[in-house]
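The structure appears below as structure tokens.
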Amino acid sequence: MIQLLRVLFLCAAGFVVTSANGQSADGLRGINVLVAYHSLSGNTERMAEAVAEGARTVSPTHVSVKRVQQVTAEDLFAADAIILGSPVYWSNMAGEVKAFIDDWQFKFGVFPEFKLKNKVGAAFATGGQISSGKELTMLSMLAAMLGNYMIVVSGGGAFGASATTEGNSPGIDEQELAGARDLGQRVAEVAVAVKRGFEPPEGRAASSGQ
Ligand SMILES: Cc1cc2nc3c(=O)[nH]c(=O)nc-3n(C[C@H](O)[C@H](O)[C@H](O)COP(=O)(O)O)c2cc1C
Numbered sequence: 003m004i005q006l007l008r009v010l011f012l013c014a015a016g017f018v019v020t021s022a023n024g025q026s027a028d029g030l031r032g033i034n035v036l037v038a039y040h041s042l043s044g045n046t047e048r049m050a051e052a053v054a055e056g057a058r059t060v061s062p063t064h065v066s067v068k069r070v071q072q073v074t075a076e077d078l079f080a081a082d083a084i085i086l087g088s089p090v091y092w093s094n095m096a097g098e099v100k101a102f103i104d105d106w107q108f109k110f111g112v113f114p115e116f117k118l119k120n121k122v123g124a125a126f127a128t129g130g131q132i133s134s135g136k137e138l139t140m141l142s143m144l145a146a147m148l149g150n151y152m153i154v155v156s157g158g159g160a161f162g163a164s165a166t167t168e169g170n171s172p173g174i175d176e177q178e179l180a181g182a183r184d185l186g187q188r189v190a191e192v193a194v195a196v197k198r199g200f201e202p203p204e205g206r207a208a209s210s211g212q
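Quick note: the sequence shown uses our numbering, first residue 3, plus one each step.
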């Protein structure tokens, strides 16, 4: 029942009303959500898939899920929202994710124009222990986004979605996956709202049908 009310609310807000050509009722043609992650043993990848699942519940949305090394300039700049995921390595993000963030400049040249400005950003993390760096890991990814003038949001937790993968209950449980889906959904909802805010209605009307 609560889910039904939520869907009705989102319809009323224009988040899930789409026409046959993928446009929302007010002509918004869609948003691109990029979920980029590093994962060696599969935990962060599982969270990435759940984040993507949550984002896909919001229409009109196109979601791509990629390992950080596979992200192209086109992926990065076409994204309206970027959600970064990392395992915790020594209480911080994995080197692969940091290298990807550094590549925003080295490979993709985002500075000095701040080319990622006003994209929505969020983070998720998996760590072996309960209190051993997940929040720091998410915050360090979010800090890089803030430095790029992105619009940082949370969801699935105060700093993003996270999972504890070792110890008494190894792997990722349903509650942690639900948090990841919540994060993906919230990011997509905010990205739709931001894009709507930045796109004048006449602009949307002019581009419809193309
Ligand atoms: C080099 C290394 C350092 C790690 N450091 C931490 C740590 O500081 N805190 C923690 O909670 N887990 C730590 N872990 C555990 C991983 O964060 C955890 O197993 C994670 O879920 C792995 O993600 P993946 O399956 O996506 O590779 C570390 C693992 C490795 C390989």
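Ideal placement from N, C-alpha and C gives every residue a C-beta, glycine not left out. All of these numbers come straight from a predicted model, not from anything done at the bench.
(request) Please classify Gly211: does DSSP put it in a helix, a strand, or coil? (result) In the sequence shown, the residue the question calls residue 211 occupies position 209. For Gly211, the predicted model reports a pLDDT of 37, less than 50, meaning its position is unreliable; a value from the coordinates is still stated below. In this structure, Gly211 counts as coil in the three-state DSSP scheme.
(request) For Ala182, name the three-state secondary structure that DSSP assigns. (result) Sequence index remark: in the sequence shown, residue 182 carries index 180 (1-based). Of the three classes helix, strand and coil, the one that applies to Ala182 here is helix, per DSSP.
(message) Below 8 Å, is the gap between the Cβ of Gln131 and the nearest heavy atom of ligand 1?
(response) Position 129 of the sequence shown holds residue 131. Yes.
(request) Can you check the region 37-93 for any alpha helix (DSSP H) of at least 4 residues that lies completely inside it and give the ranges in chain order? (result) Qualifying alpha helix (DSSP H) stretches, in chain order: 45-58, 75-80.
(message) Rounded to the nearest angstrom, what separates Val192 and Asn94 at their Cα positions?
(response) Taking the sequence shown and counting its residues from 1, the one referred to as residue 192 is at position 190. Taking the sequence shown and counting its residues from 1, the one referred to as residue 94 is at position 92. Just so you know, the alpha carbons of Val192 and Asn94 end up roughly 27 Å apart.
(message) So for Val192, helix, strand or coil by DSSP?
(response) Here residue 192 is taken as the residue at index 190 of the sequence shown, counted from 1. Correct three-state label for Val192: helix.
(request) Locate the beta strand (DSSP E) running through Phe126, then write down its first and last residues. (result) Indexing the sequence shown from 1 puts residue 126 at position 124. It spans 122-129 - the beta strand (DSSP E) in which Phe126 sits, taken as one unbroken run.
(request) Would you mind working out which of Ser164, Ile85, Asn45 sits nearest Ala146, comparing C-alpha positions? (result) Here the question's residue 146 lines up with position 144 in the sequence shown. Residue Ile85 is the option with its Cα nearest to Ala146.
(request) Check whether the Cβ of Glu178 sits closer than 8 Å to any heavy atom of ligand 1, and report yes or no. (result) Taking the sequence shown and counting its residues from 1, one reaches residue 178 at position 176. Within the chosen limit of 8 Å, ligand 1 does not reach the beta carbon of Glu178 with any heavy atom.
(message) Here's the rule I'm using: 16 or more other beta-carbon atoms within 10 Å means buried, otherwise exposed. How should Phe126 be labelled?
(response) Here residue 126 corresponds to residue number 124 of the sequence shown, with the count starting at 1. Buried is the call here.
(message) Using 8 Å for Cβ pairs, my map puts Gly97 next to Thr46. What's the rounded Cβ distance?
(response) In the sequence shown, residue 97 corresponds to position 95, counting from 1. In the sequence shown, residue 46 corresponds to position 44, counting from 1. In fact, because the Cβ distance is near 14 Å, the residues do not count as touching under 8 Å.
(request) Give the DSSP-derived three-state secondary structure of Ile153 in the structure shown. (result) By one-based count along the sequence shown, residue 153 stands at place 151. Here Ile153 sits in strand by DSSP.
(request) Grab me the residues of Thr138's own chain with a C-beta within less than 7 Å of its C-beta, minus the 5 sequence neighbours each way, in chain order. (result) Taking the sequence shown and counting its residues from 1, one reaches residue 138 at position 136. One point to set straight first is that residue 138 is Leu, not Thr, in the sequence displayed. For Leu138, where only same-chain residues beyond five positions count, the Cβ hits under 7 Å are Ser93, Asn94.
(message) If I measure Cβ to Cβ from Glu51 and keep anything under 7 Å in the same chain, skipping five residues before and after, which residues do I get?
(response) Position 49 of the sequence shown, counted from the first residue, corresponds to residue 51. Result list for Glu51: Val67, in chain order.
(message) On the CB-based measure, 16 or more other CB atoms within 10 Å of its CB, does Lys136 come out buried or exposed?
(response) Along the sequence shown, one-based indexing puts residue 136 at 134. Taking a 10 Å sphere around the C-beta of Lys136, we find 16 or more other C-beta atoms and assign the residue as buried.
(message) Which residues does DSSP list as the beta-bridge partners of Asn34?
(response) Your numbering for residue 34 matches position 32 in the sequence shown. In DSSP, Asn34 forms a bridge with His64.
(request) Taking Ala101 as part of the alpha helix (DSSP H), name the residues at either end of that continuous run. (result) Here residue 101 corresponds to residue number 99 of the sequence shown, with the count starting at 1. DSSP places Ala101 inside the alpha helix (DSSP H), whose first and last residues are 97-108.
(request) Assuming Ala38 contacts Val70 (C-beta within less than 8 Å), just tell me the rounded distance between them. (result) Here the question's residue 38 lines up with position 36 in the sequence shown. Here the question's residue 70 lines up with position 68 in the sequence shown. Sure, about 5 Å apart at Cβ, within 8 Å.
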